[in-house]
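Student:
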Amino acid sequence: DSGVTQTPKHLITATGQRVTLRCSPRSGDLSVYWYQQSLDQGLQFLIQYYNGEERAKGNILERFSAQQFPDLHSELNLSSLELGDSALYFCASSVEVLAGDNEQFFGPGTRLTVL
Amino acid sequence: QKEVEQDPGPLSVPEGAIVSLNCTYSNSAFQYFMWYRQYSRKGPELLMYTYSSGNKEDGRFTAQVDKSSKYISLFIRDSQPSDSATYLCAMSAFRDDKIIFGKGTRLHILP
């Protein structure tokens, strides 16, 4: 158990809908990262937040947005869902960026299925 | 050319064999190199974390980085069935930078 929690575990929805994925980082971790994992693209970095502020953006679609709240939990919002958005979505967290090896600890993921 | 290339496998080897997993990359700015292990229906977990070129050993695992060839390797000695998983190489330019992952190699250790 990495200490990172994600809810829900599974999500089934229809095209055009909007969903919210939730992540709670490990206690004390200030950075949260979101990744999308699909069979054809592998694990793709979406976005990073550090202590409430957006720090880095990857291949995140405009239909997707994220935020990190004062209690450091994060939410990833996916809207106008398409079939191709079906994937595993992982959240990872790490300690303050200036310390140690910046190991990212991954949560168990949310499996999103868009029908 | 993709930033990180990794053979997807599957790679099947008998128990006790030495396993060699590899990745190549194109971005010479990468300085931090990682190997993650991912079991089915689980999140990736960090196995090895190295900076710049050289070797790092941790138990049965050895990571090698050759920056001149843009090539990294993970060796697993005395492989066990419990090592059966997908292994992802990953790298970043800076310690707090976004991580770029390979697509992963599926490894099967046959009892």
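Protein chains in written order, with the numbering used here: chain G, -2 to 112; chain A, 20 to 130.
Just so it is clear, CB atoms sit at the ideal spot from N, CA and C, and this is done for glycine as well.
Everything numeric in this text was worked out from a predicted model, so none of it was measured.
Give a yes or no on whether the C-beta atoms belonging to R19 (chain G) and H70 (chain G) are separated by under 8 Å.
Tutor: Result yes, Cβ atoms of R19 (chain G) and H70 (chain G) sit closer than 8 Å.
Student: So, helix, strand or coil for P33 (chain A), using DSSP?
Tutor: P33 (chain A): strand per DSSP, three-state reduction.
Student: Can you grab the Cα-Cα spacing for the pair S83 (chain G) / P29 (chain A), in whole Å?
Tutor: If you take the alpha carbons of S83 (chain G) and P29 (chain A), they lie about 24 Å apart.
Student: Suppose you measure from the CA of A104 (chain A) to the CA of E50 (chain G); what does that come to, to the nearest Å?
Tutor: Their backbone Cα atoms lie some 35 Å apart in a straight line.
Student: Ignoring anything shorter than 3 residues or poking outside the segment 68 to 106 of chain A, list the beta strand (DSSP E) runs there in chain order.
Tutor: List check, beta strand (DSSP E) in window: 73 to 77, 80 to 85, 90 to 95.
Student: Got a sec: is the Cβ-Cβ distance from G28 (chain A) to anything in chain G below 8 Å?
Tutor: So no, G28 (chain A) is outside the interface.
Student: Here's the rule I'm using: 16 or more other beta-carbon atoms within 10 Å means buried, otherwise exposed. How should A89 (chain G) be labelled?
Tutor: Result: buried.
Student: Of all the CB atoms in chain G, is at least one closer than 8 Å to the CB of Y68 (chain A)?
Tutor: Y68 (chain A) counts as touching chain G.
Student: Check distances from the C-beta atoms of the segment 49 to 74 of chain G to those of chain A and list, in chain order, the residues that come in under 9 Å.
Tutor: Within the segment 49 to 74 of chain G, the qualifying residues are R52, A53, K54, G55.
Student: Is any beta-carbon of chain G found at less than 8 Å from that of I118 (chain A)?
Tutor: So yes, I118 (chain A) belongs to the interface.
Student: In this structure, how does DSSP classify L80 (chain G) when only helix, strand and coil are distinguished?
Tutor: In this structure, L80 (chain G) counts as helix in the three-state DSSP scheme.
Student: Buried or exposed: G62 (chain A), going by 16 or more other Cβ atoms within 10 Å of its Cβ?
Tutor: Buried, since its Cβ has 16 or more Cβ neighbours within 10 Å.
Student: Which chain D residues are close to K122 (chain A), counting only those with a beta carbon under 7 Å from its beta carbon?
Tutor: No chain D appears in this structure, whose protein chains are G and A.
Student: So, is the C-beta of P5 (chain G) closer than 8 Å to a C-beta in chain A?
Tutor: No - not a single Cβ of chain A is within 8 Å of the one on P5 (chain G).
Student: When burial is assigned at 16 or more other CB atoms within 10 Å of the CB, is R96 (chain A) buried or exposed?
Tutor: Counting Cβ neighbours within 10 Å, R96 (chain A) comes out exposed, since fewer than 16 surround it.
Student: Under 8 Å by Cβ, that's how I've got G106 (chain G) and Q3 (chain G) pegged, so tell me the actual separation to the nearest angstrom.
Tutor: Yes, they are in contact, since the Cβ atoms of G106 (chain G) and Q3 (chain G) sit about 6 Å apart, within 8 Å.
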